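Peer 1: Heads up: the sequence shown begins at 187 in this note's numbering, then just goes up one per residue.
For each residue, glycine too, the CB sits at the ideal point set by N, CA and C.
Computed from a predicted model, the values in this text were never measured in an experiment.
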Amino acid sequence: MSELPEIESVVYFLKPHLINRTIKKLSLEKENILVNKFKEELFDGLIDKTIVDFTRRGKMLLFLLNDDSRLYIHPRMVGQLITCPKSFPMIKHTHFTMELDNEEEFRYIDVRRLGKLYYLKKDEEDKVTGIHQLGYEYDDEKLDEKTFKYMLLKYKKSIKEALLDQSLVAGIGNIYADEILFTAKILPNKKTQNLNDDEIQSLLKAIREVLKHYIEVNESVGYETYLKGEGKEFENMHVLRLYDSKICPICNAELKRIRISSRGTVYCPNCQK
Ligand SMILES: [Zn+2]
187 MSELPEIESV VYFLKPHLIN RTIKKLSLEK ENILVNKFKE ELFDGLIDKT
237 IVDFTRRGKM LLFLLNDDSR LYIHPRMVGQ LITCPKSFPM IKHTHFTMEL
287 DNEEEFRYID VRRLGKLYYL KKDEEDKVTG IHQLGYEYDD EKLDEKTFKY
337 MLLKYKKSIK EALLDQSLVA GIGNIYADEI LFTAKILPNK KTQNLNDDEI
387 QSLLKAIREV LKHYIEVNES VGYETYLKGE GKEFENMHVL RLYDSKICPI
437 CNAELKRIRI SSRGTVYCPN CQK
């Protein structure tokens, strides 16, 4: 699973290994993951450039280079990103690597090949990544109760769909949407226009608390453990309250499983109203 807390943690673990490093050598084994350029253009663009920033927007990762060009990686469902010593054993399904100037290497691994790479030159208009359609970041101060309420009143679908809609708040996926609604004690199929002010307040608070909490859980393990888990075994899975559970951790009622616009959804019929 790659939702906001996982992507945020990738930045946390990899950033110190990437910043101010110069790219010396590249490999791209599966060319079709590169969306908007030919392999040669990507290599010409990246070779001998220095990574000046590595950040996240929604569920997308962004390398900013010293010539103001940008490399985006959208790992989708199962993409894994690591930095490691060059001698680190090659993991199967490694599709893209960047050798750095310090005996380390960046690697992108993707068993299902669903992830995407985009490369944009300086001042090149972004018509491909969809990043400008993303909504607020969960911790953006401009996302206050008034703004959130206005968005939800207009939306007029279930609150679960609203949380999954990347154009409202970016980065929330199926698993954390359920955790957030459980924390806010709101039923997932409740229509957004029927939420009262208290519910909207709890929901916004729950978005911030839940994402922040799971980011901290992920990051508590340290880089060595992250690398050992090949950038895919996050600690979150062991502490999620609804995922894989049958019984509510608060009231012991049997959890219900339904589908909301084809997404599996789990909730407690007792705690959530
Ligand atoms: Zn319950």
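So who's on the other strand from residue 256, going by DSSP bridges?
Peer 2: Answer by DSSP bridge pairing, in chain order: 250 and 306.
Peer 1: Any idea what DSSP makes of residue 238, helix, strand or coil?
Peer 2: The answer is strand: DSSP assigns residue 238 an E or B state.
Peer 1: Would you call the region 271 to 281 and the region 213 to 224 touching, i.e. three or more CB-CB distances under 8 Å?
Peer 2: At 8 Å Cβ cutoff, the stretches touch.
Peer 1: Is the shortest distance between the beta-carbon of residue 325 and the beta-carbons of chain B less than 8 Å?
Peer 2: In the displayed structure, chain B is absent; only one protein chain is listed.
Peer 1: Taking the alpha carbon of residue 449 as the reference point, which residue from 384, 363, 419 and 458 has its own alpha carbon closest?
Peer 2: Looking at the Cα atoms, 363 is the closest of the given residues.
Peer 1: Near residue 145, what residues of its chain come up, given a Cβ to Cβ distance below 6 Å and the 5 sequence neighbours on each side ignored?
Peer 2: With the chain covering only 187 through 459, there is no way to say anything about residue 145.
Peer 1: Nearest-angstrom Cα distance between residue 398 and residue 258?
Peer 2: Each residue's alpha carbon lies about 24 Å from the other.
Peer 1: Can you find a heavy atom of ligand 1 that lies under 7 Å from the Cβ of residue 436?
Peer 2: Answer for residue 436: yes, Cβ within range of ligand 1.
Peer 1: So, helix, strand or coil for residue 386, using DSSP?
Peer 2: Three-state DSSP puts residue 386 in a helix.
Peer 1: Do residue 353 and residue 305 come within 8 Å of each other at the CB atom, strictly closer than that value?
Peer 2: No, they are not a contact pair.
Peer 1: Say whether the region 260 to 268 touches the region 192 to 211, bearing in mind that this needs 3 or more beta-carbon pairs closer than 8 Å, one atom from each stretch.
Peer 2: With the cut-off at 8 Å, the region 260 to 268 and the region 192 to 211 touch.
Peer 1: Can you list, in chain order, the residues of its chain with a C-beta nearer than 6 Å to that of residue 189? Leave out the 5 residues immediately preceding and following it.
Peer 2: Counting only Cβ-Cβ distances below 6 Å, and skipping sequence neighbours, we find 359 and 362.
Peer 1: How far does the beta strand (DSSP E) with residue 284 in it reach, from first residue to last?
Peer 2: First-last of the beta strand (DSSP E) with residue 284: 280 to 286.
Peer 1: Where do the N-terminal and C-terminal ends of the beta strand (DSSP E) with residue 332 fall, by residue?
Peer 2: Run containing residue 332: none in the beta strand (DSSP E); it sits in the alpha helix (DSSP H), 331 to 341.
Peer 1: So, helix, strand or coil for residue 455, using DSSP?
Peer 2: Note: residue 455 maps to coil in three-state DSSP.
Peer 1: What residue range is occupied by the uninterrupted beta strand (DSSP E) comprising residue 414?
Peer 2: Careful: residue 414 lies outside any beta strand (DSSP E), inside the alpha helix (DSSP H) at 409 to 414.
Peer 1: Is any non-hydrogen atom of ligand 1 found closer than 7 Å to the C-beta of residue 454, if you look at the structure I gave you?
Peer 2: Correct: residue 454 has its Cβ closer than 7 Å to ligand 1.
Peer 1: Report buried or exposed for residue 260, applying the criterion of at least 16 other Cβ atoms within 10 angstroms of its Cβ.
Peer 2: Residue 260 is buried by the Cβ-count criterion.
Peer 1: Please check the pair residue 314 and residue 221, which I expect to be a contact at CB under 8 Å, by giving their CB distance rounded to whole angstroms.
Peer 2: The Cβ separation is near 6 Å, so the contact holds.
Peer 1: Between which two residues does the alpha helix (DSSP H) holding residue 271 run?
Peer 2: No alpha helix (DSSP H) holds residue 271; the beta strand (DSSP E) holding it covers 266 to 271.
Peer 1: If you pair each beta-carbon of the region 338 to 354 with each one of the region 368 to 388, do three or more pairs fall below 8 Å?
Peer 2: Verdict: yes, contact present.
Peer 1: Taking 7 Å as the cut-off, does the CB of residue 439 come closer than this to any heavy atom belonging to ligand 1?
Peer 2: Because some heavy atom of ligand 1 lies under 7 Å away, the Cβ of residue 439 counts as near it: yes.
Peer 1: For my contact list, residue 193 and residue 237 are in at a C-beta cut-off of 8 Å; report their separation, rounded to the angstrom.
Peer 2: Not confirmed; about 17 Å, so no contact.
Peer 1: Just curious, the alpha helix (DSSP H) that residue 224 is in, first and last residue?
Peer 2: Element bounds for residue 224: n/a, residue is neither H nor E.
Peer 1: Reducing DSSP to helix, strand and coil, say where residue 231 ends up.
Peer 2: If DSSP states are grouped into helix, strand and coil, residue 231 belongs with the helices.
Peer 1: Could you tell me whether any non-hydrogen atom of ligand 1 is closer than 7 Å to the CB of residue 270?
Peer 2: Not so, every heavy atom of ligand 1 lies at least 7 Å from the Cβ.
Peer 1: Quick check on the burial criterion: 16 or more other C-beta atoms within 10 angstroms. Buried or exposed for residue 425?
Peer 2: So residue 425 ends up on the exposed side.
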